[in-house]
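Read the structure below first, then the notes.
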Amino acid sequence: MNKNKFSVKNLPGWVYMLVIFGFLYLTGLHTEAIGQVQRALLATGILQPKLSEIPQTPITAENPPENRFPTEALAANDFLLQDLNGKTIKFSSLQNKVIFLNIWATWCPPCVAEMPGIQRLYEKVGSNQKIAFVMLSVDQAGAEKVKKFITKKGYTFPVYLPASNLPEAFQTRSIPTTFILSKDGKIAARHDGMADYNTKKVEDYLTSLTR
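Numbered according to the UniProt record's numbering, the sequence shown spans residues 1 to 211.
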């Protein structure tokens, strides 16, 4: 009578996958692993951000800058941001600048996936004094975890955490969500979900809004 002997080779494939994903989850590496897969998807160029057309009508007394975009002005003057060194600033201090605002978290795979592209965009246009980047982390664990993540990745774009309630205009049910604000504080573009921002189109779009 032959007895069935246990053999790892006889285990079904789903068991291996369960063990692998369990290990990644317990070690906290699942976010990075999934992010790498999604980063490969971004590399195909099929996930482009939605950018509204910039009105070409000349600015005149009859057509002032505040009428360039149909969205209502943001009531975010009292919105407070805290940088990774604990300094608090008012969102209104960025007025008269084009703002690239990205809402993200360290535990969010698509956020992790699109960040290298945002970093490269920042390296191209971040020196423009008329453009401001606000990488707004919604991590509940606090600034230290976010700072550790940013340092490990070597990102240099400005990172903040909310220091007051998020304005209604920036409320979102999913992350990442990216807003591009014109100089008059209106939302020129919004994109929900990950996208490839390291493109000439986005670069030119930001630059065009500064004029």
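Here a beta-carbon is modelled for each residue, glycine too, at the ideal position from N, C-alpha and C.
What you are looking at is a predicted structure, and each value in this text was computed from that prediction instead of being measured.
Neighbourhood of residue i by C-beta, 6 Å cutoff - its chain only, sequence neighbours within 5 removed
{"i": "L136", "result": "I103 and Y160"}
{"i": "T210", "result": "V98 and K130"}
{"i": "L101", "result": "V134 and F179"}
{"i": "R39", "result": "A113"}
{"i": "N108", "result": "First, the residue type needs correcting, since residue 108 is Cys and not Asn in the sequence shown. Cβ neighbours of C108 beyond the five flanking positions: I175."}
{"i": "K50", "result": "H191"}
{"i": "Y205", "result": "L51"}
{"i": "D78", "result": "none"}
Local Cβ density within 10 Å of residue i, reported as buried at 16 or more and exposed below that
{"i": "S174", "result": "exposed"}
{"i": "N114", "result": "Checking the displayed sequence, the identity of residue 114 turns out to be Glu instead of Asn. Buried."}
{"i": "G117", "result": "buried"}
{"i": "T31", "result": "buried"}
{"i": "A195", "result": "buried"}
{"i": "K183", "result": "buried"}
{"i": "Q36", "result": "exposed"}
{"i": "F170", "result": "buried"}
Three-state class that DSSP yields for residue i in the structure shown
{"i": "V138", "result": "coil"}
{"i": "T156", "result": "coil"}
{"i": "Q38", "result": "helix"}
{"i": "T31", "result": "helix"}
{"i": "P58", "result": "Residue confidence is low: P58 scores 49 on pLDDT, short of 50, so the model does not pin down where it sits. Its coordinate-derived value is still stated next. Looking at P58 - three-state DSSP - the assignment turns out to be coil, as it is neither helix nor strand."}
Own chain residues within Cβ distance below 7 Å of residue i, not counting five before or after
{"i": "D192", "result": "T172, S174 and T177"}
{"i": "L42", "result": "A113, E114, G117, M194 and D196"}
{"i": "E203", "result": "L121, K124 and V125"}
{"i": "A152", "result": "Correcting the residue identity first, residue 152 is Lys in this sequence and not Ala. The answer is none, since no qualifying residue turns up."}
{"i": "F149", "result": "T106"}
{"i": "L47", "result": "L41, M194, A195 and D196"}
Contact test: residue i Cβ vs the ligand COA heavy atom, cutoff 6 Å
{"i": "V125", "result": "Absence of the ligand COA from the depicted structure is noted, as is the absence of any ligand whatsoever, leaving it without description."}
Sequence-distant residues of the same chain with beta carbon closer than 8 Å to residue i, five excluded per side
{"i": "V146", "result": "L84, T106, S137, D139, V159 and L161"}
{"i": "A132", "result": "L94, K97, V98, I99, F100 and P158"}
{"i": "L80", "result": "T88, I89, K90, F91, P162, A163 and S164"}
Query raised in the report: Hey, is the region 114-131 in contact with the region 161-174, meaning 3+ C-beta pairs nearer than 8 Å?
Result: no
Requested in this report: Answer yes if the region 178-187 comes into contact with the region 150-157, meaning at least three C-beta pairs across the two stretches below 8 Å, and no otherwise.
Outcome: no
Query - Runs of alpha helix (DSSP H) lying entirely within the UniProt domain "Thioredoxin" (70-211), each at least 4 residues, in chain order - result: 109-125, 143-153 and 200-209
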